[in-house]
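Structure first, commentary second.
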Amino acid sequence: MATTITMPQLGETVTEGTVAQWLKSVGDSVDKYEDFVEVSTDKVNAGVPSPVTGTIRELLVKEGETVATGTPIAVIDEAGAAKTALTAAPAATAASAAAAAPVAAAPPAPAVSSPNGAPAAAGVESESALRGASPAVRRLAREHRIDIRAIKGSGSNGRVTADDVLAAVTAAPSAAVTRTSTYAQPIPGSTVTLTQARRIIAERMVESKRTAPHAWSMVEIDVTDVWSWRVREKDRFERESGYKLTLLPFFIRAVVESLAAFPLMNARFVPASGSGQPSIYVNGEVNIGIAIGLATNLVVPVIRRADKLSIKGIALAAGELIEKARKGKLGVDDLAGGTFTVNNNGANGSWASAPIINGGQAGIVTMEAVVKKVVVRDDDSLAIRRMMNSCLSLDHRVVDGYVASGFLADLKQRLERMGPQGDL
Amino acid sequence: MATTDLRTGSLERHGLSDEQLRDMFRNMLLQRQLDNRGFQLNRQGKVPFALGSEGHEALQAGAAMAFNRGHDILAPYYRDLGLCLGIGLSPFEILLSIFARAEDHNGGRQFPNHYSSKAAGLMSFSSILAAHLPHAVGAAFAIQYREETGRAVLATCGDGTTSEGEWHESMNFAAVHKLPFVMLVENNEWAISTPLEKQMAQPEIWKRAAGYGMPGRRFNGFDPIETYAAVKEAMDRARAGEGPTLVEGTCYRYLAHSTDDNDLTYRTREAVQERRKDDPVPAFEAVLLEHGIVTPEGVAAMRKDILRETNEATDAAEALPYPEPTDLYKHVYEGAWEPWQS
Amino acid sequence: MAVVSSANSTVMNNVEAVRATLYEAMKNDERTVILGEDVGARGNVFLITKDFIGEFGERRVIDTPIAEASIVGIAVGMAMEGLRPIAEIQFADFIYPSFNQIVGEAAKIRYRSNGEYTCPLVIRTPYGGGVRGALSHSVSIEALFYHVPGLKIVAPSFPDDVKGLLNAAIDDPDPVLFLEHKKTYRLIKGEVPDGHYTIPLGKANVRKAGTQLTVVSYGLYLHWALEAAQRLQEENVSVEVVDLRSIRPMDKTAILTSVEKTRKLLIVHEDNKFGGIGAEISAMVAEEALFSLDAPIRRLCGPDVPSMGYALPLEEEFMSSPAEMADAMRAMVKF
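Those sequence lines, one after another, are chains L, R and S. Take this note's numbering: the final residue in the first sequence is number 1339, and no numbers are missing along the way. Take this note's numbering: the final residue in the second sequence is number 1104, and no numbers are missing along the way. Take this note's numbering: the final residue in the third sequence is number 768, and no numbers are missing along the way.
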C-alpha cells in the first residue's frame, strides 16, 4: 500500500516547514520509525520518522523548499503489500497543497514585451538582457550587487532601466537576488534574504504587538543579599553541574512564587471566536520561557513546571537549555508550552527595556543590569547596595496596573528577602 | 643706381648726410650677411628653413631710412629682413627667430622672417599674403582716430600680394578714409614661380593708385636714395594727414623663393645672372666710394664688423634654449587654453 | 516669465538688449568703435545702431565698403593698435569671406606673437532661420568657428544674457564671435537688469530644472525646447533644459552635473547635425560620464543639407518645432 507522507506540524504555531535534507532517495528502503527526512521550522531542525516500513517511491518536495503544513512530501510503498495506486490524498490536504505555492523565489526571467504590447522575441533572455544593459545600469547593478537578469525591466522593449535597478535595491527581497549579504554579515546598501526563523520572528512580533495592548512597568530591586548567596554557591554549583550559576534561577524562583500569588499573570487572553465569547484562560502549569538571544536568532526554550523546581533545579534546567540553544540543538519540546517569559537583559548592561510579550502570554519580565549604587535607607543612612531593575510588559486585556504592579512589588519583596544564604 | 649728376658729379642725396648714407649701406651689407647666414645654418643642418631677400637691400635700406622710429608703425611681409633691421631690430633678434628660441619675440612659434616687435612698432604678421594689410589699415585708422599727427603706417608687400582681394580692400578703405597709410610694393618680378606677366595685365602696379583715388609713383628699388625720397614723400604726406599713397619700388629676386623652392624649374640661371649686373649692393658701394663717402678700408672694416656682429649674434642665439613643450599651451587666450571649462 | 518692469530692470527684447548694451559701451569707452555695412546712417538693418552716428559721430560708427574680409581685418588692426572695435557682419551668411581674418589671423594674434600683441575684438552677426531667409539669410555658423583655438563664441538666447554676455565680450581681451539669432530679436522679451553687468563666458544656465532627461540647447531652439519641456511637465514628465549660452569655451560642469542627475542627454540645435556642436558635447559626455548614461546620447539637429529653402515646406522641414522636440524628449524618457 502506498502511503503519502505530508509535512508535519512541528511546533504549536507553525504553519509551514522546509525540507532541509532528504535522508533517503527514491528506491531506498526505510524502516518504520526510521528518519527519512529532516525538516526545519522556525528554529528547529527535526528528523521525521517513517510511519511504515517500505521503499521510497516518490519524493515530492525539493530540498530547501518550504511547503505548508499538511502538504504531501513523499510517497512510501509499504513492504509486503502489492503496489497499489496512490491513495487519494485527503481533500483538505489537496486543497492546502494547491493553495500552498512554493514560497522560495527562483529568479524569474523577466517577462518582456515591446511598448505596443507585442511580446518580444524569445531571444530576449538573460544574456541579451545583460548585453543590452546601459552603462548606468551596469554600474548601479555592480555597486548594489544586484543581478540585472533578475529585474523586470520597465524601459522600452523590456529594457532594465537605471530606475528599475534603484527600485530593486529598496524593494522586497523577492524582486532581487542578493549574493553575499546575510543577516549575520549584512552589507550596507544590499538586501538580506530572511531565513525562515527571522521571518517568523518578524511575524510573531507584529502579531503580538498588534493583538495585545502592551503596558509597561518597572521596579528597582535590592539584590545585594541574593547576590551574595549566588557568590557563595557558584563555585560548588559549577563544579558539580558544569553549568554557570547566574542570578537567573534565583529570579525565576521568585517569579514562580509571585505568579502563584498573582495567577492572572500566568494566563492568556482567548479572543472571541466562532465558538464563544472572549475569555481569559488561567494556565494550570507554570512553564517559564527564558529568552536567549543568539547572533542571528532569538529562541525562548521553556523550563516546564518551574514552580515544582528548587533554585538548583531551575539552574540545572536553564543551564541545559542554554547550552542546547547555543549549539542549535533545541528540540520542539524544548520550545513548547511556555506560560510566562523571563528575559535576562542585564548581561549587555541594559538598565531598562520594554520587551514584546511572547504570543499567548500575559506578560514578560526582565532582569536588567546589576549596578552598585548608593541608596538611602529608611533611617536616612547611606549604603552601597547592588540594585537591579526589573521591567514588565503586560497584556492589558488580561491584567491592569493593579495586578501588574502588585506582581512586581511581590517579586521585589521576595527577591529582597532571599539570601545571603540558604539551600538552593 | 643712386642719382648722380653726370655733369656735376654731384650726388642727389635728398638731404641725407654722409653718415646716413653710410648707415644705409651698412644696413644693406648687414642684410646680405644675415640673409646668407640663414642659408649657411640651413646647409649645416642647424635650421630647417631659410628665406632670402637678395635684391631687396637698397629698397629696404632706403625705406627704413624714411621710417620714424618710435612713431611710425611697420606692417611688413616675410622678405623684409633689411627693413626690419633698418627700423631697429638687432642681428641677435634675427638669429633668435632663425633658431626658434624661447626668447624670440614669437617664442619660437613662427617661421623665421616673421618678425614681430611691439617696441619697434613692428606688427605681428602671418604667412598669408595680404592678410596683414587690413591690419595695417586698421592701425592707421586708430592713429587717425586718436588724432596722432606725425605718425603713419608703412605697409609693404611683394608684387604677388597685389593680386589678393584684401590688397584691394585695404587700398580702398585707406583711400576712402584718407588714412595715414603708405603701401610700399616691392616688385621683384616673381611671385614664387609666377612671373609678372602672368600675374597682371598692367605690369606697372603704381598705376592702380588712380583707381583708388590716391597718388602713386614708381621708383628704382635698386637705388636706396631714390627709394628713400619716394617713401619719405609718401610717409610725410601720411603723417601730415593728407592720406595714403601707393609707391612701387622695382627690384629683382635673385634667389629662389626659399630653401623649399628650386627656381631653376621656372627660370634660367642665365636670366638671373643677367639681372645680377644691377645688384644694388656693389652698385651702391661703388657710388659711395666714388663720392668719397666711404673708403675701401672703411668698407672692409664695415664688413669685418658686420661679420663679427653676425657671428656673435649667431653664437649667442644658438646657445639659448628652445621653448619648453608646455609653452605650447600658453597665450591661446589671456586665460585658460581649454575649450571645455568648468 | 513675468514681463513686468521693476525699479531695477527693464523689459526688452533681444534686439533692444543688443542696442542698449552697445550704446552703453560706446558711451563709457572712447576706444569703442562700431564698423560694418549700413551700421551708420541706416543704423543697422535691424535698427540696432539707429541714431548712434548722430550721437557718436562717423569716426566711431563706420559705414564700411562691402568687403567682409577687411571689415574683420581692419578691426583686427584697430584692436592690435589699441582700439576696442565691434565689427558687424550684416548676416552670418556673409561671414565666409572673412574666414581667414577670423580663423587665421584674429584667433592667432596673441598666440603667434607669444602674447606681445593681442586682439580684443568683437564680431557681431545675426544668424539662424525661421524668417523665410532661405540660403543666404538663415545659416548657423558656430560649427565652423568653435573648432578654432584662440576664438571665443557666445550665443545667448534671452535678453538678460544678451546684455551680460555682450558686455563680457566687449571686455574680453581676446576675439569673440557674438551670435544673435535673428528670429529671437523681436520674438523673445525678458527682464534685463539695469546698470552694467557681465556674465562670464563659459557658463551655461539651467533654465528649467528636471530629473528625467537633460536637454542641452542654445539660440532659438532653446526657447522651443523650453516650450516642449513645459508640455512634458504638464504630462508629469520632468525635463531639465540647459541653455549653453557660451559655445567656446563651453560649460563642462553644467552638462555633466545635469547628466549625472538625469542619466539621459538630448542635444538640440538648429545647425546641421554632422560635425555640429552636438558632436563635441556627445564625445565629451561619452568620455567623462559613460557610466552615468542610461540611454544613448541623442542629437536632434538640422538635416545635413546646405540650407533651408525659401519655400515654406523647405523651411519647415529643416527646422524642428516644439512638438517635434517634445516627441524626442518623450521617446528618450521612455527608453
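Cβ atoms here follow ideal geometry from the backbone N, Cα and C, with glycine treated the same way.
Reduced DSSP category for A1020(L) - H, G, I as helix; E, B as strand; rest coil: Looking up residue 1020(L) in the first sequence gives position 105. Only weak support is given to the placement of A1020(L): the predicted model assigns it a pLDDT of 37, under 50, and the value that follows is read from those uncertain coordinates. Looking at A1020(L) - three-state DSSP - the assignment turns out to be coil, as it is neither helix nor strand.
For F591(S), three-class secondary structure by DSSP: Along the third sequence, read from residue 1 onward, the residue named residue 591(S) stands at position 158. If DSSP states are grouped into helix, strand and coil, F591(S) belongs with coil.
Contacts of G1070(L) in chain S (Cβ-Cβ under 9 Å): Against the first sequence, residue 1070(L) aligns to sequence position 155. Those within 9 Å of G1070(L) in chain S are D727, A728, K767 and F768.
Min CB distance S1049(L) to chain C below 8 Å: The structure shown has no chain C; the protein chains it does contain are L, R and S.
Start-to-end residues for the alpha helix (DSSP H) that takes in P755(S): Start at 1 with the first residue of the third sequence, and residue 755(S) comes out as number 322. P755 to K767 is the span of the alpha helix (DSSP H), which, as asked, contains P755(S).
Touching by the beta-carbon criterion (3+ pairs, under 8 Å), the segment 648-658 of chain S and the segment 467-485 of chain S: no
Chain-ordered residues of the segment 614-637 of chain S with a beta carbon less than 7 Å from chain R: G635
Residues that N1304(L) bridges to, as DSSP identifies them: Residue mapping note: residue 1304(L) aligns to position 389 of the first sequence, counting from 1. Beta-bridge pairing links N1304(L) to E1135(L).
Span separating the alpha-carbon of A917(L) from that of K1244(L): Position 2 of the first sequence, counted from the first residue, corresponds to residue 917(L). Position 329 of the first sequence, counted from the first residue, corresponds to residue 1244(L). Each residue's Cα considered, the two are about 33 Å apart.
Supposed contact pair A1230(L) and P1164(L) - C-beta distance, whole angstroms, cut 8 Å: In the first sequence, the residue the question calls residue 1164(L) occupies position 249. In the first sequence, the residue the question calls residue 1230(L) occupies position 315. P1164(L) to A1230(L), Cβ: 4 Å. Contact.
Neighbourhood of G883(R) by C-beta, 8 Å cutoff - its chain only, sequence neighbours within 5 removed: As a position in the second sequence, residue 883(R) is number 121, starting the count at 1. For G883(R), where only same-chain residues beyond five positions count, the Cβ hits under 8 Å are R831, G832, H833, D834, I835, L836 and I849.
Residues near H776(R) in its chain [Cβ-Cβ closer than 7 Å; skip 5 each side]: Position 14 of the second sequence, counting from 1, holds the residue named residue 776(R). So the list reads I987, Y990 and A991, once near-sequence residues are dropped.
Beta carbon of C1013(R) nearer than 8 Å to that of L821(R): The residue given as residue 1013(R) occupies position 251 in the second sequence. The residue given as residue 821(R) occupies position 59 in the second sequence. Yes.
Three-state class that DSSP yields for F611(S) in the structure shown: Numbered from 1 along the third sequence, position 178 holds the residue referred to as residue 611(S). In the structure shown, F611(S) sits in a strand (DSSP, three-state: E or B).
Beta-bridge pairing of D684(S) - partner residues as DSSP gives them: Numbered from its first residue, the third sequence carries residue 684(S) at position 251. Note: D684(S) sits in a beta bridge opposite Q1103(R).
Residue-chain proximity (V1052(L), chain S), Cβ-Cβ < 8 Å: Your numbering for residue 1052(L) matches position 137 in the first sequence. Answer yes: the Cβ-Cβ gap between V1052(L) and chain S drops below 8 Å somewhere.
Per DSSP, cross-strand counterpart(s) of L699(S): As a working note, residue 699(S) is residue 266 in the third sequence. Answer is V648(S) and R731(S), bridged to L699(S).
Cβ pair P838(R), L847(R) closer than 8 Å: Counted from its first residue, the second sequence places residue 838(R) at position 76. Counted from its first residue, the second sequence places residue 847(R) at position 85. No, Cβ-Cβ distance for P838(R) and L847(R) is not below 8 Å.
Buried or exposed by the 16-neighbour rule on C-beta atoms within 10 Å, applied to R731(S): Mapped onto the third sequence, residue 731(S) falls at position 298. Per the 10 Å Cβ criterion, buried.
Inside the segment 959-986 of chain R only - beta strand (DSSP E) runs reaching at least 3 residues: 978-982
Any chain L beta carbon closer than 8 Å to L723(S): Against the third sequence, residue 723(S) aligns to sequence position 290. It does: the Cβ of L723(S) has a partner Cβ on chain L nearer than 8 Å.
Residue range of the beta strand (DSSP E) that includes Q936(L): Against the first sequence, residue 936(L) aligns to sequence position 21. E931 to W937 is the extent of the beta strand (DSSP E) around Q936(L).
Contact with chain L by R696(S), beta-carbon distance below 8 Å: Taking the first residue of the third sequence as position 1, residue 696(S) is located at position 263. R696(S) counts as touching chain L.
Contact set between the segment 566-584 of chain S and chain R, restricted to residues whose Cβ is under 7 Å from the partner: P582 and G583
Simplified DSSP state of T617(S), which is helix, strand or coil: Residue mapping note: residue 617(S) aligns to position 184 of the third sequence, counting from 1. It is helical.
Contacts around A1000(L), its chain only, beta-carbon distance under 8 Å, and the 5 residues preceding and following it disregarded: Translated into the one-based positions of the first sequence, residue 1000(L) becomes position 85. Low per-residue confidence applies at A1000(L): pLDDT is 48, beneath 50, and the placement is therefore not dependable, though the value from the model is reported in the following sentence. Correct list, in chain order: A917.
Under 8 Å between C-beta atoms of R1154(L) and I1226(L): Counting from one through the first sequence, the residue named residue 1154(L) turns up at place 239. Counting from one through the first sequence, the residue named residue 1226(L) turns up at place 311. Not closer than 8 Å, so no.
Environment of T1085(L) [buried if 16+ CB atoms lie within 10 Å]: For the purposes of this step, residue 1085(L) is taken as the residue at position 170 of the first sequence. So T1085(L) counts as exposed.
Proximity test, Cβ basis, 8 Å: T1076(L) and chain S: Residue numbering aside, residue 1076(L) sits at position 161 when the first sequence is read from its first letter. So, interface residue.
Exposure of W1266(L), with buried meaning 16 or more beta-carbon neighbours within 10 Å: In the first sequence, residue 1266(L) corresponds to position 351, counting from 1. Under this definition W1266(L) is an exposed residue.
Residue environment, L1090(R), which counts as buried when at least 16 other CB atoms sit within 10 Å: Here residue 1090(R) refers to the residue found at position 328 of the second sequence. Exposed, because fewer than 16 other Cβ atoms sit within 10 Å of the Cβ of L1090(R).
V649(S) vs A662(S) beta-carbon contact at 8 Å: Translated into positions along the third sequence, residue 649(S) becomes position 216. Translated into positions along the third sequence, residue 662(S) becomes position 229. Contact: no.
V1314(L): first and last residue of the uninterrupted alpha helix (DSSP H) it sits in: In the first sequence, counting from the first residue as 1, residue 1314(L) sits at position 399. That residue, V1314(L), is in no alpha helix (DSSP H); it is neither H nor E in DSSP.
Interface residues of chain S facing P1083(R) [CB-CB closer than 8 Å]: Within the second sequence, residue 1083(R) is the residue found at index 321, counting from 1. Going along chain S, no residue has its Cβ under 8 Å from P1083(R), so there is no contact; the nearest lies around 15 Å.
Proximity test, Cβ basis, 8 Å: L646(S) and chain R: Taking the first residue of the third sequence as 1, we reach residue 646(S) at position 213. No, because no Cβ of chain R sits closer than 8 Å to the Cβ of L646(S).
Status (buried if at least 16 other CB within 10 Å, exposed otherwise) for E491(S): Numbered from 1 along the third sequence, position 58 holds the residue referred to as residue 491(S). E491(S) comes out exposed.
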